[in-house]
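Line by line, the protein sequences give chains A and B. Quick note on numbering: the first sequence equals residues 524 to 836 in our numbering. Quick note on numbering: the second sequence equals residues 313 to 670 in our numbering.
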Amino acid sequence: MTAYVSRRLAYMMVTLFAIVTLTFCLMKILPGTPFDEERFMSLGPARQAALMRQYGLDQPVHSQFLRYLGNLFRGDLGTSYFYPDRPVLDVLRSRIGPSALIGSQAILMGLAVGMSMGIVAAWRHNGSMDYITMVVAVLGVSVPNFVVAALLQYYVGLRWGILPVAFWKSWAHSVLPSVALMFSPLASSARFVRTETLDVLSQDYIQTARSKGMSERRMLVRHALRNALLPVVTILGPMIANLLTGSLAIEKIFSVPGIGSLFVESIQNNDYPVIMGLTIFFSAFYILCILLVDISYTLIDPRIRLSKGSEGD
Amino acid sequence: MAGIRADVEASPGTVFKDVINAPVLSVKDMSVSIKTDNGIVRAVRGVSFSLSQGKTLAIVGESGSGKTMTCKGIIGLLPPGGVIDNGTVTLCGLDVTRAHEKTMRQVRGFNVSMIFQDPLTSLNPTTPIGRQIEEMMVLHRPDMNESARKARVFEMLDLVGISNPAERIRQYPHQFSGGMRQRVMIAIALTLSPKLLIADEPTTALDVTIQAQILELMNDIQRKTNTAIVIITHNLGVVASVADHVAVMYGGRIIEEGGVENIFYSRKHPYTQGLLDSVPKINRAKERLFSIPGSPPDLVNPPEGCPFAARCGSRMRVCGSYVPPIMEFGGGHSAACWLYDKRATAPPSAVSATPMLS
Numbered sequence: 524m525t526a527y528v529s530r531r532l533a534y535m536m537v538t539l540f541a542i543v544t545l546t547f548c549l550m551k552i553l554p555g556t557p558f559d560e561e562r563f564m565s566l567g568p569a570r571q572a573a574l575m576r577q578y579g580l581d582q583p584v585h586s587q588f589l590r591y592l593g594n595l596f597r598g599d600l601g602t603s604y605f606y607p608d609r610p611v612l613d614v615l616r617s618r619i620g621p622s623a624l625i626g627s628q629a630i631l632m633g634l635a636v637g638m639s640m641g642i643v644a645a646w647r648h649n650g651s652m653d654y655i656t657m658v659v660a661v662l663g664v665s666v667p668n669f670v671v672a673a674l675l676q677y678y679v680g681l682r683w684g685i686l687p688v689a690f691w692k693s694w695a696h697s698v699l700p701s702v703a704l705m706f707s708p709l710a711s712s713a714r715f716v717r718t719e720t721l722d723v724l725s726q727d728y729i730q731t732a733r734s735k736g737m738s739e740r741r742m743l744v745r746h747a748l749r750n751a752l753l754p755v756v757t758i759l760g761p762m763i764a765n766l767l768t769g770s771l772a773i774e775k776i777f778s779v780p781g782i783g784s785l786f787v788e789s790i791q792n793n794d795y796p797v798i799m800g801l802t803i804f805f806s807a808f809y810i811l812c813i814l815l816v817d818i819s820y821t822l823i824d825p826r827i828r829l830s831k832g833s834e835g836d
Numbered sequence: 313m314a315g316i317r318a319d320v321e322a323s324p325g326t327v328f329k330d331v332i333n334a335p336v337l338s339v340k341d342m343s344v345s346i347k348t349d350n351g352i353v354r355a356v357r358g359v360s361f362s363l364s365q366g367k368t369l370a371i372v373g374e375s376g377s378g379k380t381m382t383c384k385g386i387i388g389l390l391p392p393g394g395v396i397d398n399g400t401v402t403l404c405g406l407d408v409t410r411a412h413e414k415t416m417r418q419v420r421g422f423n424v425s426m427i428f429q430d431p432l433t434s435l436n437p438t439t440p441i442g443r444q445i446e447e448m449m450v451l452h453r454p455d456m457n458e459s460a461r462k463a464r465v466f467e468m469l470d471l472v473g474i475s476n477p478a479e480r481i482r483q484y485p486h487q488f489s490g491g492m493r494q495r496v497m498i499a500i501a502l503t504l505s506p507k508l509l510i511a512d513e514p515t516t517a518l519d520v521t522i523q524a525q526i527l528e529l530m531n532d533i534q535r536k537t538n539t540a541i542v543i544i545t546h547n548l549g550v551v552a553s554v555a556d557h558v559a560v561m562y563g564g565r566i567i568e569e570g571g572v573e574n575i576f577y578s579r580k581h582p583y584t585q586g587l588l589d590s591v592p593k594i595n596r597a598k599e600r601l602f603s604i605p606g607s608p609p610d611l612v613n614p615p616e617g618c619p620f621a622a623r624c625g626s627r628m629r630v631c632g633s634y635v636p637p638i639m640e641f642g643g644g645h646s647a648a649c650w651l652y653d654k655r656a657t658a659p660p661s662a663v664s665a666t667p668m669l670s
């Protein structure tokens, strides 16, 4: 297990290196420099060139890259160009909170509602709950979350005035963005759990469970759920990574100062260190989520072994 | 044993009469129908039999003859859309057809348990087998504490011949071979010493040497615990080695019933004859294996008269229109066939399953 995890972490480093290299090159292809925006116009070409020199941007790309890598190994992500004198790590830290809060609320609510709907739909297959679940699942997957967001803002925020429409001042401000984000995990988990539970309920061991004389609820919880969970965990990794790292559209619509909006700003501003920092953070988080999913497989299904020697027998 | 039964009698919702001499299971004229997309399947059409303690009844028949539905009806686990629409099933004094689902839950596992065809899939793959055995006691014996339950698990594993129980209880089904998994299933089924064990083709999925061991084990346990067993099979070798009594099913009906000797040496029904003729014989010269021509009847629109009439070599005109009455031959041997009616034209000695060319 330890060997497996450390091997996976080593692979992760290789992947991250590839991502860093690729992003660095792509970023340099972007037109313009950090200091040719309108607000730098008044500085004049001489001052702009001096700024470029100060940040080492006049050097050839390969030496810039090597310098960046060197700093990275020392744990230094550089300072933002756009927010002068603020280290990238600081900028990230100040923006991650809102995204993480909205994302985790959306995931928790979405999974709780979606999985319960999926289980009941499968248990009462072809019943009314099953049809409702399928309709919700199709809507949740096909209706973009910014449409849901706009509807929520208009009705819940403006017309009924129950919750704040936008901005980031209190926990109440996080509710609407979370609900808007919730529908996608809700829909996909409902659909997955329904399919898997249907499959599990037709298995022989469910009949064994029934023949032991247990209640339907115990059968569902003790015998069906765990076996139906495995494929759901598979989609969980990317889902968590996507939601916790922020949703561009939702953060924009609700004016949430999250990490998603930071990403857009940094690209618009050619804020190289922030772009790189965010990319590394996103990829590392994503890879970690997938690793966690693989580890949680073994906890749910004893037939899966992580190490190479398979059967523990 | 007596103690165990006593506390269930005291538990609420369960009503059991004194069952000392009454049969463990008595089925009278039971019919089962199942609603499907293609119409209502009359899976079981008026089946009667009874079984007393310590005895084994084998229900024999080809796929779709209604044998599995008969058993599922008995323990109240018919598939969705399935109902017992006629007759009574009395299990340890309880009328299953009228019992509340909650009562049935108390009966299942405690008074009657079931083992299934495929041991590879009938155990929960994500739960250690010790806990799967223990679950029976968690469900039905709240008076037992954890150490008593664990002791019973060890006892059961020992009974079914699984060594090293301390280690085995923590293992998962995939760490056991097919034969070992069926032993675990038997251990689960017999944990609470049920009065009746229903085994639905318990050896079909196992290889031949293991089959013999499992049958031997079932015989052995029956001698020790005096459990009544209903075994469903289409393997006549299995019948010969475990059964006391045999019921041959066809088209949702029992068409012949009797002791093992009756069925093997003086069978009466042409279908039973056909079944026995289809058993490969090791001492015969190379020849094509006999099979009964045709296929079983469609039970959505069951044929009038004898269900086997369309495939029967001794068919008479009456067979296609009237259900044959049950003819008694003494010693519990009976068959539902018009050939044994006084008015029959064809002599019963001409019983043959091969249709005559016309």
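Even glycine gets a Cβ: it sits at the ideal position worked out from N, Cα and C.
Item                                                                                                                                       : Value
Reduced DSSP category for Met564 of chain A - H, G, I as helix; E, B as strand; rest coil                                                  : helix
Residue(s) in a DSSP beta bridge with Ala647 of chain B                                                                                    : B:Glu568 and B:Met639
Per-residue burial, Asp512 of chain B [other beta carbons within 10 Å of its own, 16 or more giving buried]                                : buried
8 angstroms Cβ cutoff, Met742 of chain A in contact with chain B                                                                           : no
Proximal residues of chain B, C-beta to C-beta of Pro825 of chain A below 7 angstroms                                                      : Thr438 and Tyr484
Below-8 angstroms beta-carbon distance, Met737 of chain A vs any chain B residue                                                           : yes
Distance between Val643 of chain A and Met652 of chain A (C-alpha atoms, nearest Å)                                                        : 7 angstroms
Touch test, the region 694-709 of chain A against the region 620-637 of chain A, Cβ-Cβ under 8 angstroms, three pairs minimum              : yes
Residues of its chain near Gly358 of chain B, where Cβ-Cβ distance is below 6 angstroms and the 5 sequence neighbours each way are ignored : Asp341 and Ser343
Short Cβ contact (8 angstroms threshold) for Thr438 of chain B with Asp599 of chain A                                                      : no
Proximal residues of chain B, C-beta to C-beta of Tyr728 of chain A below 8 angstroms                                                      : Thr433, Ser434, Leu435, Asn436 and Pro437
Own chain partners of Leu721 of chain A with C-beta closer than 8 angstroms, once the 5 adjacent residues on each side are dropped         : Ala645 and His648
Minimum Cβ-Cβ distance from Ser617 of chain A to chain B less than 8 angstroms                                                             : no
Bridge-paired residues (DSSP) for Leu509 of chain B                                                                                        : B:Ser425 and B:Ile541
Inside the region 460-528 of chain B only - beta strand (DSSP E) runs reaching at least 3 residues                                         : 508-512
Boundaries (first-last residue) of the alpha helix (DSSP H) holding Ile652 of chain A                                                      : Going by the sequence as given, residue 652 of chain A is Met instead of Ile. Segment Ser651 to Ser665, the alpha helix (DSSP H) holding Met652 of chain A.
Chain A within 8 angstroms of Asp455 of chain B, Cβ atoms only                                                                             : no
Spatial distance of Ser375 of chain B from Ile481 of chain B (CA atoms)                                                                    : 35 angstroms
8 angstroms Cβ cutoff, Val419 of chain B in contact with chain A                                                                           : yes
Buried versus exposed, by CB contacts within 10 Å (16 or more), Gly832 of chain A                                                          : With a pLDDT of 44 at Gly832 of chain A, under the threshold of 50, the modelled position of this residue cannot be trusted, and the question is left open.
Limits of the unbroken beta strand (DSSP E) element including Tyr562 of chain B                                                            : His557 to Tyr562
Range of the contiguous alpha helix (DSSP H) that encloses Arg530 of chain A                                                               : Thr525 to Ile552
The region 606-618 of chain B in contact with the region 551-561 of chain B per 3-pair CB rule at 8 angstroms                              : no
Closest by C-alpha distance to Asn594 of chain A, when choosing among A:Val611, A:Phe563 and A:His746                                      : A:Val611
Residue environment, Lys384 of chain B, which counts as buried when at least 16 other CB atoms sit within 10 Å                             : buried
Element boundaries [alpha helix (DSSP H), containing Ile782 of chain A]                                                                    : Ile782 to Gln791
Minimum C-alpha distance to Thr402 of chain B - residue among B:Lys414, B:Lys347, B:Val419 and B:Asn547                                    : B:Val419
For Met342 of chain B, the residue or residues it bridges with in DSSP                                                                     : B:Val359
Residue nearest to Ala629 of chain A in terms of C-alpha spacing, selected from A:Ile655, A:Val661 and A:Asn668                            : A:Asn668
Sub-8 angstroms separation of Arg618 of chain A and Gly781 of chain A beta-carbons                                                         : yes
Length of the line joining the Cα atoms of Thr335 of chain B and Asn423 of chain B                                                         : Here residue 335 of chain B is Pro; the residue named in the question, Thr, does not match the sequence. Cα to Cα, Pro335 of chain B sits roughly 13 angstroms from Asn423 of chain B.
Given Phe547 of chain A as reference, the closest of A:Leu580, A:Ala689 and A:Val816 once Cα atoms are compared                            : A:Leu580
Short Cβ contact (8 angstroms threshold) for Pro913 of chain A with Asn793 of chain A                                                      : Absent from the structure is residue 913 of chain A, since the part of chain A shown begins at 524 and ends at 836.
Contacting residues, own chain, Cβ-Cβ under 7 angstroms from Phe602 of chain B (five flanking each side not counted)                       : Asp589 and Ser590
Nonlocal neighbours in the same chain, by C-beta distance under 8 angstroms from Gly490 of chain B, ignoring five residues either side     : Pro431, Leu432, Ala517, Leu518, Asp519 and Ile522
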